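Trainee: Take the sequence shown: its letters are residues 0 to 1017, numbered as in numbering that gives the first Met the number 0.
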Amino acid sequence: MATTDTTEKGLESLIVRHLTGQPPAQAVPAGTVQAGAGHYAVGSYVQGVPADYNRDLALDVPKLLAFLQDTQPKPFAALGLAEEGTKRTQFLHRLQGEIAKRGVVDVLRKGVSHGPAHVDLYKVLPTPTDPASAENFKKNVFSVTRQLRYSNDEAQRSLDMVIFLNGLPLITFELKNSLTKQTVQDAVVQYQTTRPPHELLFQLGRCMVHFAVDDAEVRFCTHLTGKSSWFLPFNKGHNDGAGNPPNPQGLKTDYLWKQVLAKESLANIIENFAQVVEEEDEKGKKKRKQVFPRYHQLRSVRALLQAARSEGVGQRYLIQHSAGSGKSNTIAWLAHQLVELKAPDDPLKPLFDTVVVITDRRALDTAIARTIKGFDHVSSIFGHSDSADELRGYLSQGKKIIVTTVQKFPWVLDELGGMAAKRFALLIDEAHSSQGGKTTAKMHLALSGGEGDEEGDEESVEDKVNHLIESRKMLGNASYFAFTATPKNKTLELFGERYQEGDKVHFRARPELTYTTKQAIAEGFILDVIKNYTPVDSYYRVAKTIEDDPDFDKKKALKKIRAYVESHEKAIPKKAEIMVDHFTVQVAGKRKIGGQARAMIVCSGIARAVDYYFAVSDYLKEIKSPFKAIVAYSGEHEVNGQKRTEADLNDFPSKDIPAKLRQDPYRFLIVANKYVTGFDEPLLHTMYVDKPLAGVLAVQTLSRLNRAHPQKHDTFVMDFANNDEAVKAAFQDYYRATVQVGETDPNKLHDLKADLDGHQVYAWAQVEQLVALFVNGAERDTLDPILDACVAVYTEQLNEQEQVEFKGKAKGFVRSYGFLGAILPYGHPAWEKLSIFLNFLIPKLPAPKEEDLSKGVLEAIDMDSYRPEVNASLAMAMDEADGTLEPAPMGAGGGVPEPEVDKLSNIIKTFNDLFGNIEWKDADKIRKVIAEEIPAKVAQDTAYQNAQKNSSKQNAKLEHDKALGRVVLALLSDHTELFKQFSDNPSFKRWLTDSVFDATYKMPPPKPAAGGGGAARA
């Protein structure tokens, strides 16, 4: 009885049987070319003959000649290819040389010229405009050859499978089967150790890709280099992580041969994705690189093209792709295929007239432009605008793809009139930073044709207001494709897919457009930057240096003293020593990234960055280290009485910083804000953080370390600023899919307007008057009297608390209306008018006068001692749940807190009690726990948070006390002494309870005042 073949050979047979539709056991004579089955159907491949493979040329010569004779009989005859002899040999060597020089993908796309003739090596996918193209495409010979002996050496080694297209090798395979206790990793090792890179078939560009496959996973490599061959996953992902989902119809990996290798799909990859590109290194030396899409890139681009084709123009799509997911390539592939997309109702008409790629960062502007231009078949239709004139020229020339920044785009909006008839695809990179505010409104107005009204058209004020309302809305003649790794709530609501779950509205990126941080880490595309996270505690004492004992604002004074000691001349050198010693021993000493590892020091401001630059440089010289540091900041900073730029301190131009960092002796990059986003350097291994981080900024900053490198196996973060809880919370939001639960309530704009009207800073007649003057182009000096009258009411008749409330709510109204205006299906003239009015009024409103009762405190103290202590490294583990965000808040926060004034001696005692003076057995640790860890954990208690928002201060205190009890109980095992004091010492318990409550309680915002617009205060 024949049983199931569960061997590696059985998997091979299964794949070949699907591709060819033929029983694998039939012997086929050498030199025979079989007819394939139907177009795109199962069984449309031809089964190759191993003996037909020419090892000296790396070609299946019979299939190549059969294709040429069938499709191009005249050149075939003219070149003398019918008979074996000198002419055929010359042609075959010419073809082999062209593949070596240009790569197989380029040769398939463009063919080869030889002597008097040009021959095509591939017939392109059918197009509606060419009736013969479908028949021509069928003439391509897709073949699969088993057990192909690729080498002339005596070992006669063979590959499990090779796919050829018209006799040219395209894909190699090594197959393994977990049922015989071998996995995809064994296939990878086989490629790395027994497939010599010098063999013709394995040289760069000779094949499009090499696949290692088993029944559970797929991995791929584009360039075999021996043991350093880098194989990356080509898996669908499962539960937002690595691997593949169970397949009720077959093997987990059968999507590879049933979908990806289907003839139409493979042809699409050849025509639109794969390519050999040239990249320049820091020395200007060109290096060739084979590009092949990862599975999530292929899936997302194809899903977006399908959606755009079926749903038409005027749609919005959110693509949540993790940092390090290859976003530049994904945008490039999408851009040039959107250009070629045809309208469903007219196969001759492009769906989009122009594709505009918009990025908010100038560095990425250049990177994306370079990536798109690297795809040589789009260079003639591509424009990268560095100026308004260039952008204007590209639009008039009909360039199909334009890359620009959101900062540059408004320069020519006034001249883009009459574009309402055109259709645009707007690809927005890092959507959360480039899709809001007045720039976007102006862009919408121009692209929708709003700037093109003829002078003769008479419009009323109301018409013009409605026109401005229209400009805020998402364009009907454009589709938006918004890419981000860290979607904020507004981005989710603007571009995400809206769906109902229970009684709640949700927004998220579609699953096929989501590639999570969890999956990217699990697949090795990026590294987990919070896996090795080490907090550093600081312990210090300060002393009073004056005889008097003046009063100061306690809270502000403590904050100033903390900042003072952290930047003190005693503190920075000590922290710099810890950083350099750690890097020297643990990073460079352990040859991280093959001895090439770099570090970034992130500081809380330019002044601190410059201080660190000198402290690190001095210590490196002191220990006679071969390493040097680079400092990066924008503009000028005063150093020893002189204005100095980063170039002055580094002694080389600013533009060379990324290249210099990759060269020895430079190993440290010291920054404040520059390079903490959008800087991709795989050699960055370690980050020293001396800056408060939270939210998206924490994710973006630490993600500088996550770029993968073949020799990079881990990363390291040392945190001097107590960010660990905030960092974990921030990464949790974006670890899996990010979902907004609930939607923004536009009625809150009515409430905000009522609150603003109720302060009676303006009369509605003044709003109407100013808007009428503005939209009719009145002189500037006609607006100011109206605004100045309102400013006078604000300053003279509102107290400090009311001023804070009015200005905060005015800003909240403008910000919320700018967002809601883009997504609401209707416009509201009163909102638009108030928004215009407040945009002019807000800049004129003076900040409320608030006396700084902590002024002078730093002149009255000095540092007594400072000691940093490195704690144990934390391996932060993320929860297995989607990140959830709430809709964007609509209003402003509360009012001005009442300062707590205290004597300087008491403030210093409090500070030292917190950080230096309490008598405990493990005093340093306990002080840190009391001052920071306990308040932070209590503040995160959900019941306590709800009580603060929705109940009285008394009820909030009850919930606080319960939360504190839970937190202290959780500390029992680590801090028994503290737990005992809290349980047994009533005075200590009372002191701790009051201190933590004072530190964590936040007043709820005042309830909205009733009433609408009225006359201004008399």
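For glycine and all other residues, C-beta sits at the position ideal for the given N, C-alpha and C. Computed from a predicted structure; not experimentally measured.
Considering only DSSP beta bridges, list what residue 52 is partnered with.
Mentor: 59
Trainee: In the DSSP output, which residue or residues are listed as bridge partners for residue 496?
Mentor: Answer by DSSP bridge pairing, in chain order: 507.
Trainee: Count Cβ pairs between the region 341-357 and the region 123-137 that sit closer than 8 Å; are there 3 or more?
Mentor: Touching, per the Cβ criterion.
Trainee: Note the first and the last residue of the continuous alpha helix (DSSP H) segment covering residue 621.
Mentor: Residues 605-621.
Trainee: Whole angstroms are fine: how far does the CA of residue 98 sit from the CA of residue 77?
Mentor: 22 Å
Trainee: Over the uninterrupted alpha helix (DSSP H) stretch that includes residue 732, give me the two end residues.
Mentor: 723-734
Trainee: Using the C-alpha atoms, what's the distance from residue 512 back to residue 834?
Mentor: 35 Å
Trainee: Between which two residues does the beta strand (DSSP E) harbouring residue 708 extend?
Mentor: Segment: none, residue 708 is in no beta strand (DSSP E) and carries neither H nor E.
Trainee: Looking at residue 156 and residue 1019, is the spacing between their C-beta atoms short of 9 Å?
Mentor: What the structure shows of the chain is the stretch from 0 to 1017, and residue 1019 is not part of that stretch, so it cannot be assessed.
Trainee: Could you give the distance in angstroms between the alpha-carbon of residue 489 and the alpha-carbon of residue 498?
Mentor: 16 Å
Trainee: Measure from the alpha carbon of residue 523 to the alpha carbon of each residue in 212, 756, 261 and 714, then state which is nearest.
Mentor: 714
Trainee: Note down, in chain order, each residue of its chain lying with its Cβ closer than 7 Å to the Cβ of residue 177, except the 5 sequence neighbours on either side.
Mentor: 213, 214 and 215
Trainee: Along the chain, where does the alpha helix (DSSP H) containing residue 190 start, and where does it finish?
Mentor: 183-193
Trainee: Return the Cβ separation of residue 478 and residue 588 in integer angstroms, given the expectation that the two are a contact with Cβ distance under 8 Å.
Mentor: With a Cβ gap of about 53 Å, residue 478 and residue 588 do not count as contacting.
Trainee: In the DSSP output, what is residue 278 paired with across the bridge?
Mentor: 286
Trainee: DSSP beta-bridge partners for residue 149?
Mentor: For residue 149, which the question treats as bridged, DSSP gives no partner whatsoever.
Trainee: Taking 9 Å as the CB-CB limit, is residue 88 close to chain D?
Mentor: Considering every chain present, this structure includes no chain D. It has just one protein chain.
Trainee: On the CB-based measure, 16 or more other CB atoms within 10 Å of its CB, does residue 811 come out buried or exposed?
Mentor: buried
Trainee: Going by the CB atoms, is the gap between residue 808 and residue 744 shorter than 9 Å?
Mentor: no
Trainee: Under 9 Å, do residue 298 and residue 235 count as touching if we go by C-beta distance?
Mentor: yes
Trainee: Under three-state DSSP, which class holds residue 428?
Mentor: strand
Trainee: Starting from residue 717, trace the beta strand (DSSP E) both ways and give me its first and last residue.
Mentor: 715-718
Trainee: Rounded to the nearest angstrom, what separates residue 815 and residue 506 at their Cα positions?
Mentor: 18 Å
Trainee: Pull up the distance between the alpha-carbon of residue 962 and that of residue 669, whole angstroms please.
Mentor: Here the C-alpha atom of residue 962 lies approximately 40 Å from the C-alpha atom of residue 669.
Trainee: Can you list, in chain order, the residues of its chain whose CB lies under 6 Å from that of residue 185, leaving out five sequence neighbours each side?
Mentor: 175
Trainee: Let me know if residue 999 comes out buried or exposed under the rule of 16 or more other beta-carbons within 10 Å of its beta-carbon.
Mentor: buried
Trainee: Give the list of continuous beta strand (DSSP E) stretches no shorter than 3 residues that lie fully inside the region 622-695.
Mentor: 627-631, 635-638, 641-644, 665-670 and 683-689
Trainee: Less than 9 Å between the C-beta atoms of residue 261 and residue 208, yes or no?
Mentor: No.
Trainee: State the DSSP-derived secondary structure class of residue 599, mapped to helix, strand or coil.
Mentor: strand
Trainee: Give me the residue from 345, 944 and 802 with the minimum Cα distance to residue 308.
Mentor: 345
Trainee: What residue does the alpha helix (DSSP H) around residue 72 start on, and which one ends it?
Mentor: 72-77
Trainee: Within the chosen definition, does the region 691-706 reach the region 313-323 through at least 3 CB pairs nearer than 8 Å?
Mentor: Taking a cut-off of 8 Å on C-beta distances, the region 691-706 touches the region 313-323, as three or more cross pairs fall below it.
Trainee: Since residue 151 and residue 54 are thought to touch, with beta carbons under 8 Å apart, how far apart are those beta carbons, to the nearest angstrom?
Mentor: Residue 151 to residue 54, Cβ: 5 Å. Contact.
Trainee: If you draw a straight line from the alpha carbon of residue 978 to that of residue 936, how long is it in whole angstroms?
Mentor: 16 Å
Trainee: Are the beta-carbon atoms of residue 649 and residue 659 separated by less than 9 Å?
Mentor: yes
Trainee: Skipping 5 residues on each side, what residues in its chain have a beta carbon closer than 6 Å to that of residue 987?
Mentor: Counting only Cβ-Cβ distances below 6 Å, and skipping sequence neighbours, we find 980.
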